[in-house]
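Trainee: One structure coming up, written as structure tokens, with questions to follow.
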Amino acid sequence: MYTYHIEYRFNGEPRTFLLELKEQQLAKHEAAMHLLELHLGDAENGLLMPTADSTPEQILEHAERVGITDIKVVSQTN
């Protein structure tokens, strides 16, 4: 398992998130998807989440629209 330290802003406030995954790499759009699930996963309206066929650019744009910005995968440990 790998632990990823992600820094980002949610509605302008700096935040950090630690994420454990089996994958050796975590792309910025994949981090964005995990952050969307973190912040919007409990939303009753599934329309708040990107579709399964969204491109990486669409996922990042969607995250920005709901207030998740400046996403950086800062470090990885195993």
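If you count the sequence shown from 1, you need to add 1287 to reach this note's numbering. The beta-carbon is built from N, C-alpha and C at its ideal position, and this holds for glycine as well.
Checking 8 Å against the spacing of the C-beta atoms, do H1326 and F1297 come in under that value?
Mentor: yes
Trainee: Would you give the residue range spanned by the beta strand (DSSP E) that K1359 belongs to?
Mentor: I1355 to T1364
Trainee: If you follow the beta strand (DSSP E) that P1301 is part of, which residue opens it and which one closes it?
Mentor: Where P1301 is concerned, the enclosing beta strand (DSSP E) stretches over E1300 to L1308.
Trainee: Give me, in chain order, the residues of the same chain whose beta-carbon lies closer than 6 Å to that of Q1363; leave out the 5 immediate sequence neighbours on both sides.
Mentor: Y1289 and Y1291
Trainee: When the Cα atoms are used, what is the spatial distance from M1336 to E1324?
Mentor: Cα atoms of M1336 and E1324: separation of roughly 8 Å, rounded to the nearest angstrom.
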